[in-house]
Each structure stands twice: as C-alpha cells, then as structure tokens.
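Undergrad: What follows is a structure written as structure tokens; I'll ask about it next.
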Amino acid sequence: VSPYHYRVDWQIWFAAMSTPSRHPWLIHFMWKLLQNDESAVGLIAHNPFPDKPPKAIRAELYQYEFAPLDQPDGAIWNRKRVGTWFPQFTLDNGQIKKFVESFSSR
2 VSPYHYRVDW QIWFAAMSTP SRHPWLIHFM WKLLQNDESA VGLIAHNPFP
52 DKPPKAIRAE LYQYEFAPLD QPDGAIWNRK RVGTWFPQFT LDNGQIKKFV
102 ESFSSR
C-alpha cells in the first residue's frame, strides 16, 4: 500500500468533511488554479480555462445521493447545495496571498 493517495479529487472529498483551516493545501491549490499554474492544472483531467484563468474561485459544498434508476434525464446523481466551504476570492486578496506565501515557505 502506498503511503500517499495521489487523487486530488479524493483528497478534496476528505477536505469537504472538515474545515479549510485543516486543509491549507487546498487553499494553496485554489490560488495556483487562479494563476493557471501548470503544476496545479496538471492535477485535473481537463483545464476549463486554457487561455485565461478564472478571475475568482470558491469552494461550495453539495450533498450527493444516487438518482433513481428511472430518472428522466438519465442522471446518476442528484445533488443539493449545502453551503460554502471556502468563500470566493481573487488574486488581489491580500489576506489569502499572505497565507499562501507563508504556506509556501514551509
């Protein structure tokens, strides 16, 4: 068994069961996505912003349940928004920038 689990989506799933303060790597990851950083974008299957990174980013929480087999639209999941895990921020957010810089120096 490997000591690491490399799937970022799986790590985000675990982070959602906790608070942002317990997962500083995810705020750092979000910061890097805003910069279209190759190392961060390389962790996702498809970059939806290949030419221009998003201006802002946030993390929302959803509760998922299996959809009924006879769901008209053929969906496998139904989801319901639960709330915000981390509020929207941009690259000009000084507080987040300071946090990311302190995290990067570890």
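Under this note's numbering, think of the first position of the sequence shown as 2, with each following residue one higher. The beta-carbon is built from N, C-alpha and C at its ideal position, and this holds for glycine as well.
Output yes or no for whether 7 Å exceeds the beta carbon distance between His29 and Phe87.
TA: no
Undergrad: Nearest to Tyr65 by CA position, among Trp14, Arg8, Lys53, is which residue?
TA: Of the listed residues, the one whose Cα sits closest to Tyr65 is Trp14.
Undergrad: For the alpha helix (DSSP H) containing Gly95, name the first residue and the last one.
TA: Run containing Gly95: 95 to 105, per the alpha helix (DSSP H) assignment.
Undergrad: Once DSSP output is grouped into helix, strand and coil, what is the label at Gln12?
TA: helix
Undergrad: Determine the contact status of Leu35 and Val9, defining contact as a CB-CB distance below 7 Å.
TA: no
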